[in-house]
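Numbering follows full-length UniProt numbering, in which position 314 of the sequence shown is assigned residue number 314; successive positions increment by one, without gaps. Beta carbons are placed, not taken as given, at the ideal position from N, Cα and C, and that holds for glycine. As the structure is a computational prediction, the values presented were derived from the model and not from experiment.
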Amino acid sequence: REDISLHIHLCLLAMKTGKPIKMSYSRTESFHGHVHRHPAQMWYRHHAKSDGTLTRIEARLLLDGGAYASTSSAVLANATCFAAGPYRVPSVEIYGAVVRTNNPPCGAMRGFGCVQVCFAHEAQMDKLAIELGMDPVELRLKNALKPGDQIITGQTITGTAPVAEVIETCAQHPISVGSATQQMELPGGAGRTADPKNVVRGEAIAVGFKNLMFSEGFDDFSTASCQLLDGVATITCACAEVGQGFVTLAQQIVREILGVEEVILAPASTANVGSAGSTSASRQTWMSGGAVKSVCEQVRIRVLSRIAESHDLDVESLVIVDGGIASLSSDFSISLKEATAEPIEVEDTYRHLPTHPLNENGQGD
Numbered sequence: 001r002e003d004i005s006l007h008i009h010l011c012l013l014a015m016k017t018g019k020p021i022k023m024s025y026s027r028t029e030s031f032h033g034h035v036h037r038h039p040a041q042m043w044y045r046h047h048a049k050s051d052g053t054l055t056r057i058e059a060r061l062l063l064d065g066g067a068y069a070s071t072s073s074a075v076l077a078n079a080t081c082f083a084a085g086p087y088r089v090p091s092v093e094i095y096g097a098v099v100r101t102n103n104p105p106c107g108a109m110r111g112f113g114c115v116q117v118c119f120a121h122e123a124q125m126d127k128l129a130i131e132l133g134m135d136p137v138e139l140r141l142k143n144a145l146k147p148g149d150q151i152i153t154g155q156t157i158t159g160t161a162p163v164a165e166v167i168e169t170c171a172q173h174p175i176s177v178g179s180a181t182q183q184m185e186l187p188g189g190a191g192r193t194a195d196p197k198n199v200v201r202g203e204a205i206a207v208g209f210k211n212l213m214f215s216e217g218f219d220d221f222s223t224a225s226c227q228l229l230d231g232v233a234t235i236t237c238a239c240a241e242v243g244q245g246f247v248t249l250a251q252q253i254v255r256e257i258l259g260v261e262e263v264i265l266a267p268a269s270t271a272n273v274g275s276a277g278s279t280s281a282s283r284q285t286w287m288s289g290g291a292v293k294s295v296c297e298q299v300r301i302r303v304l305s306r307i308a309e310s311h312d313l314d315v316e317s318l319v320i321v322d323g324g325i326a327s328l329s330s331d332f333s334i335s336l337k338e339a340t341a342e343p344i345e346v347e348d349t350y351r352h353l354p355t356h357p358l359n360e361n362g363q364g365d
């Protein structure tokens with residue numbers, strides 16, 4: 001989705017044979033042909049008061065980008081922005097660098113830089129708890145971000161931030177560590193890559209966070225259209241479904257807003273509707289889902305307005321329920337199929353709130 005791998009081979013074979021080509025990697029080929037997660041060396045220093053309040057974090061991050069640049073610069077930016085973890089800290093100094101090496105190329109992997117630094121900042125929180133003689137859970141709870149706090153890039157949290165709730169819930173529901181004598185419960189399972197005498201079971205808590213969608217001033221958007229005809233809703237959106245569940249999500253949104261039973265998702269194509277952007281950055285649920293929600297709400301308003309005008313009714317009294325339109329102020333009702341004998345269609349582009357590029361001091365959103 002972010003890097004070129006078998007795409008080139010597919011194009012060359014299609015050009016050579018003049019036929020459609022399907023290609024898939026074996027597990028072994030995937031390790032050779034796809035980008036990998038960036039190996040990282042990280043140096044951290046945490047400062048805190050005796051009661052556990054974080055006062056400053058210093059970190060140096062060095063990522064191995066492999067033989068090609070790919071998305072390394074963006075991964076590094078993410079790693080630095082989230083290097084302190086989901087905690088309040090008034091002062092930070094983060095230095096990050098990525099180097100090109102003769103190792104396999106590294107690029108966009110789930111977590112996008114946040115996974116590496118999560119390992120580091122959570123290890124540090126455990127070490128800090130030991131030094132302070134505190135419970136590691138209590139240390140995390142004391143510094144957990146909440147609405148109104150600022151993260152290290154200067155962005156204020158205006159939405160929900162259930163960091164403390166997540167930590168408390170996890171602490172209250174410890175997992176079973178299993179048995180070190182059952183082979184299938186050991187790392188490696190049937191591959192027998194672990195020897196029971198070398199396995200020590202333990203339990204710990206770690207917490208991290210990550211951004212969603214494109215940010216830092218990027219004009220992120222997605223376009224969708226909705227046609228309602230004979231009580232059937234047809235959604236057109238260029239969102240690439242790669243297993244993230246957009247098909248189910250879109251149908252749920254349509255049924256919730258329009259009250260229809262039958263929902264058709266047209267094949268994804270920019271030939272019939274505007275771009276939905278890439279299926280990456282955990283963005284399609286919010287962006288393309290937002291586009292579908294927007295067009296459905298507009299279609300709903302139009303169909304209710306049409307019925308109100310044609311039957312001399314107050315549009316505010318009309319509701320969509322059980323596959324039809326009913327009036328709350330009279331016994332009037334009509335099926336959606338009848339109400340949409342003439343099609344209603346809306347296309348719209350959805351954008352999230354504007355963001356700003358990081359400045360020379362790493363401040364932005």
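(message) With a threshold of 6 Å on Cβ separation, who are the neighbours of residue 227 within its own chain once the five nearest residues in sequence on each side are excluded?
(response) Here the set comprises 234, 343, 345.
(request) Over the uninterrupted beta strand (DSSP E) stretch that includes residue 121, give me the two end residues. (result) Counting along the chain, residue 121 falls outside any beta strand (DSSP E), though it belongs to the alpha helix (DSSP H) covering 114-132.
(request) Consult DSSP for residue 270 and reduce its assignment to one of helix, strand or coil. (result) Here residue 270 sits in coil by DSSP.
(request) Out of 65, 318, 100, 128, state which residue places its alpha-carbon closest to the alpha-carbon of residue 38. (result) Each of 65, 318, 100, 128 was checked against the Cα of residue 38, and the nearest Cα belongs to 65.
(message) Rounded to whole angstroms, what is the Cα-Cα separation between residue 249 and residue 6?
(response) Spanning the two alpha carbons is a distance of roughly 29 Å.
(message) Quick test of your reading: residue 167 and residue 205, contact by CB under 8 Å. State the CB separation rounded to the nearest angstrom.
(response) That pair is a contact at about 7 Å.
(message) Whole angstroms are fine: how far does the CA of residue 59 sit from the CA of residue 145?
(response) CA-to-CA, the gap between residue 145 and residue 59 works out to about 19 Å.
(message) Please classify residue 130 as buried or exposed, where buried requires at least 16 neighbouring CB atoms within 10 angstroms.
(response) Counting Cβ neighbours within 10 Å, residue 130 comes out exposed, since fewer than 16 surround it.
(request) Note down, one range per segment and in chain order, each beta strand (DSSP E) of at least 3 residues found wholly within the region 68-120. (result) Listed in chain order, they are 92-100.
(request) Going by CA-CA distance only, name the one from 19, 103, 82, 351 that's closest to residue 95. (result) Looking only at 19, 103, 82, 351, the smallest Cα-Cα distance to residue 95 is reached by 82.
(message) Could you check whether residue 263 and residue 251 sit closer than 8 Å to each other, using their CB atoms as the reference points?
(response) Yes; because the gap between Cβ atoms is below 8 Å, this pair is in contact.
(request) Establish whether the CB of residue 281 and some CB of chain C are separated by less than 8 Å. (result) The chain inventory of the structure shown lacks chain C, comprising one protein chain alone.
(message) If I measure Cβ to Cβ from residue 14 and keep anything under 6 Å in the same chain, skipping five residues before and after, which residues do I get?
(response) Same-chain partners within the cutoff: 21.
(request) Could you check how far apart the C-beta atoms of residue 107 and residue 29 are, in whole angstroms? I think they sit under 8 Å. (result) Between residue 107 and residue 29, the beta carbon gap of about 17 Å keeps them out of contact (Cβ cut-off 8 Å).
(request) Can you give me the Cβ contacts of residue 63 inside the same chain, cut-off strictly under 6 Å, excluding the 5 residues immediately before and after it? (result) The answer, listed in chain order, is 38, 40, 76, 98.
(message) Between residue 132 and residue 50, how many whole angstroms is the CB-CB distance? I'm expecting something under 8 Å.
(response) Indeed they touch by this definition, with Cβ atoms about 7 Å apart.
(message) Going by DSSP in three states, residue 246 sits in which element: helix, strand or coil?
(response) Looking at residue 246 - three-state DSSP - the assignment turns out to be helix.
(request) Below 7 Å CB to CB, which residues in the same chain sit around residue 87 once its five sequence neighbours on both sides are set aside? (result) If we look at residue 87 and ignore the five residues flanking it on each side, its Cβ neighbours are 54, 143, 144, 145.
(message) For a minimum of 4 consecutive residues, which ranges assigned as the alpha helix (DSSP H) are wholly contained in the region 10-43?
(response) DSSP assignment within the region 10-43 yields the following whole alpha helix (DSSP H) runs of 4 residues or more, N-terminal first: 27-33.
(request) Would you mind sorting residue 11 into buried or exposed? The rule is 16 or more other CB atoms within 10 Å of its CB. (result) Residue burial is scored here from C-beta neighbours: residue 11 has fewer than 16 other C-beta atoms within 10 angstroms and is therefore classed as exposed.
(request) Measure from the alpha carbon of residue 67 to the alpha carbon of each residue in 118, 61, 33, then state which is nearest. (result) Nearest C-alpha to residue 67: 33.
(message) At the level of alpha carbons, what is the spacing between residue 215 and residue 354?
(response) Taking the straight line from one Cα to the other gives about 8 Å.
(request) Kindly indicate which residue of 80, 90, 126, 139 has the alpha-carbon position closest to the one of residue 114. (result) That would be 80, whose Cα lies nearest to the Cα of residue 114.
(request) Excluding the 5 residues preceding and the 5 following residue 71 in the sequence, name in chain order all residues of the same chain whose CB lies nearer than 7 Å to its CB. (result) So the list reads 2, 107, 108, once near-sequence residues are dropped.
(message) Could you give the first and the last residue of the continuous alpha helix (DSSP H) run that contains residue 327?
(response) Note, residue 327: premise wrong, no alpha helix (DSSP H); beta strand (DSSP E) at 324-327.
(request) Reducing DSSP to helix, strand and coil, say where residue 239 ends up. (result) Residue 239 falls in the coil class under three-state DSSP.
(message) Given this structure, state the Cα-to-Cα distance separating residue 208 from residue 85, to the nearest angstrom.
(response) Approximately 6 Å between the Cα atoms of the pair.
(message) Using a Cβ distance threshold of 8 Å, determine whether the region 280-299 contacts the region 317-328, with at least three qualifying pairs required.
(response) No, the region 280-299 does not touch the region 317-328.
(message) Can you find the residues in the same chain that come closer than 7 Å, C-beta to C-beta, to residue 303, ignoring five residues on each side of it along the sequence?
(response) Contacts found: 228, 339, 340, 344.
(message) Within 10 Å of its beta-carbon, does residue 271 have 16 or more other beta-carbons around it, so buried, or fewer, so exposed?
(response) Exposed.
(message) Does residue 225 pass the burial test, meaning 16 or more other C-beta atoms within 10 Å, or should it be called exposed?
(response) Counting every other CB atom within 10 Å of its CB across the protein chains shown gives residue 225 a total of 16 or more, marking it as buried.
(message) Judging by CA-CA distance, which residue of 352, 281, 364, 174 is the nearest neighbour of residue 111?
(response) Of the candidates 352, 281, 364, 174, the one whose C-alpha sits nearest the C-alpha of residue 111 is 281.
(request) Have a look at residue 212 and residue 163 and give me their C-alpha separation to the nearest angstrom. (result) Distance between the alpha carbons of residue 212 and residue 163: 16 Å.
(request) Give every residue of the same chain whose Cβ lies closer than 7 Å to the Cβ of residue 171, excluding the five residues on either side of it in the sequence, and list them in chain order. (result) Hits under 7 Å: 137, 205.
(request) Could you have a look at residue 339 and say whether DSSP puts it in helix, strand or coil? (result) Under the three-state reduction of DSSP output, residue 339 falls in the helix class.
(request) Starting from the Cα of residue 36, find the closest Cα among 74, 73, 105, 89 and give me that residue. (result) Here the closest residue by C-alpha is 105.
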